[in-house]
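To start, the structure under review is shown below, and the notes come after it.
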Amino acid sequence: MSPLDRKILRDLGRMKGQALAIAMVLAMGVMLQVAMSGVVSSLDETKKAYFASQRMADMFAPLDQAPRWMLDRLAQVPGIARIEGRVTGAGLMELAGEPLPVRVLAVSLPRHGRPQMNDVYLLRGRWPDPAELDQVMVLKSFAEARGLEPGSRITLTLNGGRDDYRIAALVEAPEFIYATPPGELAPDDARFAVIWMNGRKIEAVFEQKESFNEALIGLDRDADPRAVARRVDRLLDRYGSLGPYPLSEQSSNRFVSDEIDGMRRNARSVPPVFLGVAAYLLAMVVSRMIQAERGQIGLLKAFGYTSREISLHYLKLAMLIALAGAAIGCGLGTIFCKVLAGFYGGVFRFPFLVFRIEPAAYVLGTGFSLAAACLGAVLVLRRVFRLAPAEAMRPPVPPAYGRWRLLPERVSERLDQPTRMVLRRLARQPLRAGGAVLGIALGMALSVTMINLIASFNRTVEMNFDVVDRSDIGVTLTRAVGRAALYDLRRLPGVLEAEGRLDTPAMLRHGTYSYRGSITGLSGQPRLKRALDLDLVPIALPPAGRITLSQAAARMLEARPGDRIEAHLMDGRRPHLELTVAGVSQTYLGAPAYMRLDALGEALGKPGQISDIALRIDPAYRAPIAARLAEMPLVAGIAIKTQTRAALSKVMNTGAGAIRFVMAVVAAVMSFGIVYNSARIAFAERQQDLASLMVLGYEASEAVYVLLAEFVLLAVLALPLGAVLGRQLSRSLAAAFSTDIYTLPAVTLPAAAGIAALAVAVAVAFSCVLVARDVMRIDLLMSLKARE
1 MSPLDRKILR DLGRMKGQAL AIAMVLAMGV MLQVAMSGVV SSLDETKKAY FASQRMADMF
61 APLDQAPRWM LDRLAQVPGI ARIEGRVTGA GLMELAGEPL PVRVLAVSLP RHGRPQMNDV
121 YLLRGRWPDP AELDQVMVLK SFAEARGLEP GSRITLTLNG GRDDYRIAAL VEAPEFIYAT
181 PPGELAPDDA RFAVIWMNGR KIEAVFEQKE SFNEALIGLD RDADPRAVAR RVDRLLDRYG
241 SLGPYPLSEQ SSNRFVSDEI DGMRRNARSV PPVFLGVAAY LLAMVVSRMI QAERGQIGLL
301 KAFGYTSREI SLHYLKLAML IALAGAAIGC GLGTIFCKVL AGFYGGVFRF PFLVFRIEPA
361 AYVLGTGFSL AAACLGAVLV LRRVFRLAPA EAMRPPVPPA YGRWRLLPER VSERLDQPTR
421 MVLRRLARQP LRAGGAVLGI ALGMALSVTM INLIASFNRT VEMNFDVVDR SDIGVTLTRA
481 VGRAALYDLR RLPGVLEAEG RLDTPAMLRH GTYSYRGSIT GLSGQPRLKR ALDLDLVPIA
541 LPPAGRITLS QAAARMLEAR PGDRIEAHLM DGRRPHLELT VAGVSQTYLG APAYMRLDAL
601 GEALGKPGQI SDIALRIDPA YRAPIAARLA EMPLVAGIAI KTQTRAALSK VMNTGAGAIR
661 FVMAVVAAVM SFGIVYNSAR IAFAERQQDL ASLMVLGYEA SEAVYVLLAE FVLLAVLALP
721 LGAVLGRQLS RSLAAAFSTD IYTLPAVTLP AAAGIAALAV AVAVAFSCVL VARDVMRIDL
781 LMSLKARE
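Residue numbers (the numbering used here): 1 to 788.
Laid out in structure tokens, this is it:
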């Protein structure tokens with residue numbers, strides 16, 4: 001081992017605490033990079049494998065009812081590789097001890113064998129016996145929420161008929177990863193069940209003998225999905241086709257894809273921020289660390305070492321610290337990725353997990369670390385190498401600033417000598433002070449951003465359920481009916497206000513952009529479920545021929561007020577409308593579009609009809625009103641706001657948004673590491689000066705004051721800058737975390753800056769205690785000697 005290599009080991013031993021702190025800050029950034037990239041890769045690969053193993057259909061074609069021989073006609077459409085028909089229908093499940101029945105979606109099983117497409121993944125139990133018509137399979141998430149097991153008996157009301165059934169198996173299904181009750185955006189495992197039952201039984205129950213009301217379609221690899229959809233739609237038009245749609249628009253696939261895409265956006269935007277802060281700290285600390293080695297560099301040059309050898313020596317030192325941080329980060333990132341991938345695999349109900357981390361994630365994190373270390377070293381070494389050995393061994397010449405005039409003379413004269421030392425150093429080394437301020441500010445900005453991001457999720461829930469939607473109960477009807485149903489509900493005891501609306505599925509197109517969603521018809525001045533402008537002022541919906549888009553819908557369609565869009569309505573007369581965008585509304589959930597109720601009803605051929613009703617009620621009457629609604633055959637679903645709110649919060653806290661809690665912890669760790677490193681490097685730079693002060697007769701407490709007063713002052717100066725940087729970063733990350741399910745407002749809480757500032761203050765206090773202890777222990781003789 002060469003003498004320079006032994007010197008590296010001695011230096012690392014001498015500065016082990018500081019080196020470890022630098023490495024850990026860097027490790028946090030690398031950990032996030034590896035973990036978030038790995039989670040995205042793992043979930044993406046798992047989704048592909050899961051969908052492929054269960055043979056998910058490429059296209060879905062819902063309709064009213066068609067004879068089974070139509071499947072042969074559809075199979076002849078160019079581009080269709082395979083096709084299968086099935087029957088689906090809505091119903092209710094009665095559970096002991098529950099005042100309200102649970103909504104159910106029943107799906108038929110083939111009469112022989114397993115489904116060719118959209119197969120289920122059997123978890124517990126056995127496949128139903130085709131000869132036993134009362135055997136069903138139940139979605140595992142619902143069964144676990146209700147304590148049901150294979151062998152349990154349930155009572156179902158399907159199409160008005162009530163029968164008992166026995167659970168044969170618990171299953172998962174890729175098309176029901178995101179299973180939502182009718183009329184709701186968020187899934188609730190305890191309030192919505194999916195069951196698979198004997199094909200002959202379900203056909204008889206729903207009066208679909210030798211018929212189907214949904215076709216599952218597999219496409220050839222080179223098929224044109226739009227051309228196939230047009231042909232299928234024409235063939236099924238006479239049977240009440242609701243419009244075929246591709247797998248990309250299927251609700252469950254769309255949810256999983258949106259969540260993974262959201263994580264992918266986060267993985268591209270969030271880790272670089274943390275890595276950038278860590279890299280800045282590393283470059284700053286390395287440069288100041290090498291600057292403190294100026295005398296040793298001159299001594300090495302005097303002993304005949306070349307600039308290249310010395311450069312390589314210090315680059316090795318910086319790179320060893322960077323590699324240690326990168327190695328720790330890669331290891332922690334791999335472990336953390338496994339934990340996160342397993343957690344999200346459970347959230348997405350994947351029955352298995354394909355774990356995968358792209359090598360590029362490790363390379364990027366390690367490369368970023370090494371580049372930052374090299375940059376910090378090179379910046380200082382270039383300046384030092386210009387000096388002759390004798391000049392380099394001397395302390396740097398103090399800058400000639402003339403008489404010190406930072407403060408008025410009268411004020412300066414009243415300050416004691418240690419305080420003037422502190423202010424003089426800051427005034428004469430503004431770049432170094434500015435670098436330290438920026439480092440602490442960046443650490444604080446990360447904490448401010450994470451606090452604001454958590455508040456953004458909370459604000460989304462609050463604004464949607466307290467401002468946009470002011471109803472207490474949402475009622476979904478089995479079909480569009482006249483407004484007499486609205487008047488009937490208004491007469492129920494405890495109902496304070498009732499408001500109807502009309503929802504219809506629709507395909508919206510603007511140029512090359514399209515979005516499959518729905519259009520909601522509202523009264524001219526709705527009071528319970530409202531459309532609000534960007535200033536949260538209620539929008540008076542315009543007359544026929546105009547449409548108001550939500551922010552999310554406008555973003556997906558790239559549409560602005562005044563643009564013309566196409567709307568293909570999938571209900572009633574299925575008209576094609578040319579509509580002008582009248583405005584953009586502020587929405588927090590989904591991507592709705594709004595029209596006047598009367599205009600939408602006329603277009604559908606359903607004038608004066610409604611499909612949903614919003615109720616504002618007296619809280620004391622909630623239970624009897626819900627029970628009365630459950631008895632009405634016209635009611636398909638009941639959404640109680642408190643339950644819906646809880647379900648949405650669960651989605652936001654367990655989906656892509658869950659990573660915000662992890663990032664908040666990482667931000668806090670990095671913020672503390674940055675503050676601590678700033679204190680340690682300040683001590684390393686001033687150790688000889690502090691020893692000189694104590695030799696000259698200054699008390700140790702005065703030496704501590706000279707060092708820590710400067711550090712505390714820099715931290716105080718960093719607080720407003722950290723608040724400003726955090727505010728700007730919060731706005732960027734709020735957009736990155738928004739999905740098609742929810743839109744996050746850019747929240748900047750004043751309390752966020754206060755909490756982050758308090759965290760910085762705690763870190764400063766802790767660092768001051770540790771550094772003050774080291775100052776008290778300074779060996780004056782050794783500190784004044786030049787290290788060899």
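Backbone N, C-alpha and C define an ideal beta-carbon position, used for all residues, glycine too.
Query, Result
"Straight-line gap, V559 to P592 (C-alpha atoms, nearest Å)", "Strictly speaking, residue 559 in this sequence is Ala, with Val absent from that position. Going by the C-alpha atoms only, they are around 14 Å apart."
"Alpha carbon of L20 to alpha carbon of I321, nearest angstrom", "8 Å"
"Exposure label - T587; buried when at least 16 CB within 10 Å", "buried"
"Where I539 falls: helix, strand or coil (DSSP)", "coil"
"Which listed residue (A223, T180, M24 and M319) has its alpha carbon closest to that of Q250", "T180"
"Alpha-carbon spacing of A27 relative to T548, whole angstroms", "48 Å"
"Check whether A193 and V138 have beta carbons under 8 Å apart", "yes"
"Beta bridge counterpart(s) of K529 as assigned by DSSP", "D469"
"Assigned secondary structure, H313 (DSSP; H/G/I helix, E/B strand, else coil)", "helix"
"Identity of the residue in R491, H568, V475 and D533 nearest I519 by Cα", "H568"
"Residue of R491, R111, A480 and A709 minimising C-alpha distance to L423", "A709"
"Straight-line Cα distance separating A61 from D233", "8 Å"
"Contact the segment 57 to 72 vs the segment 119 to 136: 3+ CB pairs below 8 Å", "no"
"Spatial neighbours of S523 in its chain, beta-carbon cut-off 6 Å, leaving aside the 5 residues before and after", "L597"
"L74 versus R153 - alpha carbon distance", "38 Å"
"Contact under 8 Å by Cβ, A736 with R265", "yes"
"Beta-carbon gap between R616 and E497 smaller than 8 Å", "yes"
"From S678, M36, V706 and A684, residue whose alpha carbon lies closest to that of C337", "M36"
"Closest by C-alpha distance to A143, when choosing among N118, L133, L170 and V120", "L170"
"Where the alpha helix (DSSP H) through G434 begins and ends", "P430 to M463"
"CB of I167 within 8 Å of CB of L148, strictly", "yes"
"Three or more C-beta pairs below 8 Å linking the segment 482 to 492 and the segment 610 to 627", "yes"
"Three or more C-beta pairs below 8 Å linking the segment 683 to 702 and the segment 667 to 674", "no"
"In DSSP terms, what V34 is bridged to", "According to DSSP, V34 bridges with nothing at all."
"Proximity of L32 and P271 at Cβ, strictly below 8 Å", "yes"
"C-beta atoms of N118 and Q54 nearer than 8 Å", "yes"
"According to DSSP, residues forming a beta bridge with E172", "Y121"
"A593 - partner residues in DSSP beta bridges", "I519 and L549"
"G89 (DSSP reduced to helix, strand or coil)", "strand"
"Burial state of Y513 (16 or more Cβ within 10 Å)", "exposed"
"Counterpart residues of F661 in DSSP-defined beta bridges", "None, per the DSSP bridge assignment."
"Cβ contact check for the segment 528 to 544 and the segment 463 to 474: 3 or more pairs under 8 Å", "yes"
"Residue burial classification, D58 (beta-carbon count within 10 angstroms, cutoff 16)", "buried"
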